[in-house]
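Notes follow the structure.
2 protein chains.
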Amino acid sequence: MAVTMNDVARAAGVSLKTVSNVLNDYEFIRPATKQRVQDAIAELGYEANLTARSLRSGKTRMLGLVLSDLSAPYYAELASRLMKAAAQRGYRVLVEQSDAVGDAELNALQGPFRQLTDGLLFTPLVMDADAIAGRLGKKPLVMLGEHILDPRFDLVTMKNGEAAAALTSHLVAGGRRRIAVLGARADESAGSAGLRLNGYRSALDKAGIPFDPALVAPCEWRRDEGAAAVAGLLDRGIDFDAVFGLNDAIALGAMHELLIRGIKVPEQVAVAGFDDIDEARFASPSLTTVSPGMAEIAERSIALLIDRIEGRETAGEGVQVESGFQLQIRESAP
Amino acid sequence: MAVTMNDVARAAGVSLKTVSNVLNDYEFIRPATKQRVQDAIAELGYEANLTARSLRSGKTRMLGLVLSDLSAPYYAELASRLMKAAAQRGYRVLVEQSDAVGDAELNALQGPFRQLTDGLLFTPLVMDADAIAGRLGKKPLVMLGEHILDPRFDLVTMKNGEAAAALTSHLVAGGRRRIAVLGARADESAGSAGLRLNGYRSALDKAGIPFDPALVAPCEWRRDEGAAAVAGLLDRGIDFDAVFGLNDAIALGAMHELLIRGIKVPEQVAVAGFDDIDEARFASPSLTTVSPGMAEIAERSIALLIDRIEGRETAGEGVQVESGFQLQIRESAP
DNA sequence: CTGAAAGCGCTTACAG
DNA sequence: CTGAAAGCGCTTACAG
Chain A
1 MAVTMNDVAR AAGVSLKTVS NVLNDYEFIR PATKQRVQDA IAELGYEANL TARSLRSGKT
61 RMLGLVLSDL SAPYYAELAS RLMKAAAQRG YRVLVEQSDA VGDAELNALQ GPFRQLTDGL
121 LFTPLVMDAD AIAGRLGKKP LVMLGEHILD PRFDLVTMKN GEAAAALTSH LVAGGRRRIA
181 VLGARADESA GSAGLRLNGY RSALDKAGIP FDPALVAPCE WRRDEGAAAV AGLLDRGIDF
241 DAVFGLNDAI ALGAMHELLI RGIKVPEQVA VAGFDDIDEA RFASPSLTTV SPGMAEIAER
301 SIALLIDRIE GRETAGEGVQ VESGFQLQIR ESAP
Chain B
1 MAVTMNDVAR AAGVSLKTVS NVLNDYEFIR PATKQRVQDA IAELGYEANL TARSLRSGKT
61 RMLGLVLSDL SAPYYAELAS RLMKAAAQRG YRVLVEQSDA VGDAELNALQ GPFRQLTDGL
121 LFTPLVMDAD AIAGRLGKKP LVMLGEHILD PRFDLVTMKN GEAAAALTSH LVAGGRRRIA
181 VLGARADESA GSAGLRLNGY RSALDKAGIP FDPALVAPCE WRRDEGAAAV AGLLDRGIDF
241 DAVFGLNDAI ALGAMHELLI RGIKVPEQVA VAGFDDIDEA RFASPSLTTV SPGMAEIAER
301 SIALLIDRIE GRETAGEGVQ VESGFQLQIR ESAP
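Going down the list, the sequences are from chains A and B. Residue 73 in full-length UniProt numbering sits at position 73 of the first sequence; the count goes up by one each step and never skips. Residue 152 in full-length UniProt numbering sits at position 152 of the second sequence; the count goes up by one each step and never skips.
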């Protein structure tokens, strides 16, 4: 049997409530009493039972993180940072993978997962704003790194459009005119893919370069899909002098396929990505990309969610946070 | 207020216990009763309170996963698979990052983290067998992908030594004689690093190639460290014709550094890694490595841990599982 | 097959 | 500042 608060109370000669007060940093405790309780805790090696605390208080001090796939490098790095930011504030992060399946997202939103957490960081890939708003419940939810700009939701994201435009302009400044875009999603205009695609188009507009839909290839945001997408363009005989992967994984997959086929990067085709995952620096050639300020995203989304949970943030409408970005110009598109 | 079992019992006209029986798939319930309860559950939208269940039963249906850093690609892929394997069996995985810090490992082993989980998958980098055995507690613990081969512990791992030897023999068969090893750890002879290093040495022995300690460079298992380690060898003027990174991240970092310096891979220096992370296939040149059967490791470690938790595995001594491996010969060391 | 009672270990009003 | 009581929502013996 584990040591309980009752044991501590008995050992210290006080009531249960007094022990509870000490544990919860209640202000008005006589120093001597407090000391006696703390001594008893130390002596008995008492540790609070978190489950009992949760049952009574209704709080778990866990945050839910819903994303499609933890093995994607961007999400892995993000999850790692989020966990550290949460730990500093006394919270843990419980991760749920949705595999970009709608049912899984729905489950994370209202199933048992929700019960286990005091609030959610949510990266929806399938559900739209109305579907989410309809299942919202009363626990706080912060949209993460995603697209749904809706006054009903808190959102921590980056300047997807601006950053994509800046990257595209950089490619144009390097003399590229036919820039293929990999990773667009047909069904999604407001999502990250859509926002980045819009940024690309606006940069082309600004440069007076006509938009060619033949240069836009949809694919999932993985290395193998990026490779397949660029292979498709080549096999269809489509001419291009640059590739913009809507994330780094796509770009790295595409770059691999180009090199395999003997196409020189960046001499014949420049390649650029998005996310600045660690891998981008060490690719050969190293990958030009956009750094989305992941540290800031992690820090601010955790802070916002916990502020909501603990009632410090009380804005009726959603709070929108946009982190800054930085171009990382490297060998693949100098 | 959420719907409780009491509400369901009242609606169905049965006692609490009967509702509990239905929820827990107790065999002997009259079908009509069961149906009435299930109808009431559906009608009221009842969902069991997991916290209350945990408090009473002492089970959380969560598994703890302790590793150094979730953003390392191997761990990210492994965690993703473990979560899926656990989910299939009705368990969740709660991840704790130790940053390879001893205190953090100790905390995960006996702090509140332990309370939240029914069992642990543990990848210790600092603590040794005796330290762990001393803090073991009564909840099951499975050593994961690591070195501690001790009859007191359950262990799921791979054939580190054999695989490293096979890879080294492959390099030797390709004509390499001076094979640098990156990622050795001075303090660790039994760990993964030590086992892989031993495999390397035994393969050299077999080939009649003398072991040269100057070719062994210690470093952390990250890309930047692999790059720095190979840079160190080059700057010290040490001659080598192959690099064996003790994991893929090291090898990829080293390969990047070689290419930056105009050294041709594999013509001048062959490069090989260990883990077969997705990134290895898409590197340029693609990376020769060892596939450790991660799917098998994930599946078997989850199965073993849950068998322990649920009392199906009752061996008094530790159960040792070694997954198979496969050489992945690619461009960096054909 | 089903019920009434006890209790897991805390926190939360409510008194004083 | 501190105490006695109630109760969070379940499961677990124990009866019958």
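Idealized CB from N, CA, C, for every residue including glycine.
Query                                                                                                                        : Result
Sequence-distant residues of its chain with Cβ nearer than 6 Å to G324(A) (five each side left out)                          : G293
Nearest-angstrom Cβ-Cβ length linking residue 346(B) and F244(B), presumed shorter than 8 Å                                  : Only positions 1 to 334 of chain B appear in this structure, which leaves residue 346(B) out of reach.
Positions along the segment 19-41 of chain A whose CB lies within less than 9 Å of some CB in chain B                        : none
I329(B): CB within 8 Å of a non-hydrogen atom of the ligand HEM                                                              : Among the components modelled here there is no ligand, and therefore nothing to report on the ligand HEM.
V319(B) versus L155(B) - alpha carbon distance                                                                               : 6 Å
Spatial neighbours of T288(A) in its chain, beta-carbon cut-off 6 Å, leaving aside the 5 residues before and after           : A272, I329, R330, S332 and A333
Q38(A) - containing alpha helix (DSSP H), residue span                                                                       : P31 to L44
G119(A) versus T117(B) - alpha carbon distance                                                                               : 20 Å
Residue-level contact to chain A via CB, N49(B), 9 Å cutoff                                                                  : yes
Contact with chain A by E299(B), beta-carbon distance below 9 Å                                                              : no
Within 7 Å of chain B by C-beta, residues of the segment 105-118 of chain A in sequence order                                : P112, Q115 and L116
Spatial distance of I132(B) from M143(B) (CA atoms)                                                                          : 10 Å
Check whether residue 350(A) and L121(A) have beta carbons under 9 Å apart                                                   : This structure leaves residue 350(A) out entirely; chain A is present only between 1 and 334.
Cut-off 6 Å between Cβ atoms - residues of its own chain near L167(B), not counting five sequence neighbours on either side  : A272 and V290
Residue ranges of each beta strand (DSSP E) within the segment 155-200 of chain B, 3 or longer                               : 179-184
From E225(B), L246(B), Q268(B) and E257(B), residue whose alpha carbon lies closest to that of F240(B)                       : Q268(B)
Cβ-based burial, E43(B) [other Cβ within 10 Å; buried from 16]                                                               : exposed
Local conformation of M127(A) per DSSP, three classes                                                                        : coil
Interface partners of D69(B) on chain A, CB under 8 Å                                                                        : S80
Inter-residue spacing [alpha-carbon to alpha-carbon] between R236(B) and G183(B)                                             : 17 Å
Beta bridge counterpart(s) of S291(A) as assigned by DSSP                                                                    : Q326(A)
Of the residues L259(A), L327(A), K139(A) and E310(A), the one placed nearest D276(A), counting alpha carbons only           : L327(A)
Under the three-state DSSP convention, the category F122(A) falls into                                                       : strand
Partners in chain B for E279(A), counting only beta-carbon separations shorter than 7 Å                                      : E279
Inter-residue Cα distance where the pair is D130(B) and L246(A)                                                              : 49 Å
Residues, ordered as in the chain, of the segment 226-257 of chain B that lie near chain A by beta-carbon distance below 9 Å : G226, A227, A249, L252, G253, M255, H256 and E257
Own chain residues within Cβ distance below 6 Å of R61(B), not counting five before or after                                 : Y91
Cβ pair M5(B), A48(B) closer than 9 Å                                                                                        : yes
Within chain A, the residues that V101(B) reaches when beta carbons sit closer than 8 Å                                      : Ordered by position in chain A, no residue passes the 8 Å Cβ test against V101(B), which lies about 12 Å from the chain.
Nonlocal neighbours in the same chain, by C-beta distance under 7 Å from G102(B), ignoring five residues either side         : V126 and M127
Contacts of residue 406(B) in chain A (Cβ-Cβ under 8 Å)                                                                      : Residue 406(B) cannot be examined here, being either before or after the span of chain B that is shown, 1 to 334.
Same chain, Cβ closer than 7 Å to F211(B), five either side skipped, listed in chain order                                   : R201 and L204
Three or more C-beta pairs below 8 Å linking the segment 16-34 of chain B and the segment 305-319 of chain A                 : no
Identity of the residues DSSP links to L67(A) by a beta bridge                                                               : Q97(A)
Burial state of D248(B) (16 or more Cβ within 10 Å)                                                                          : buried
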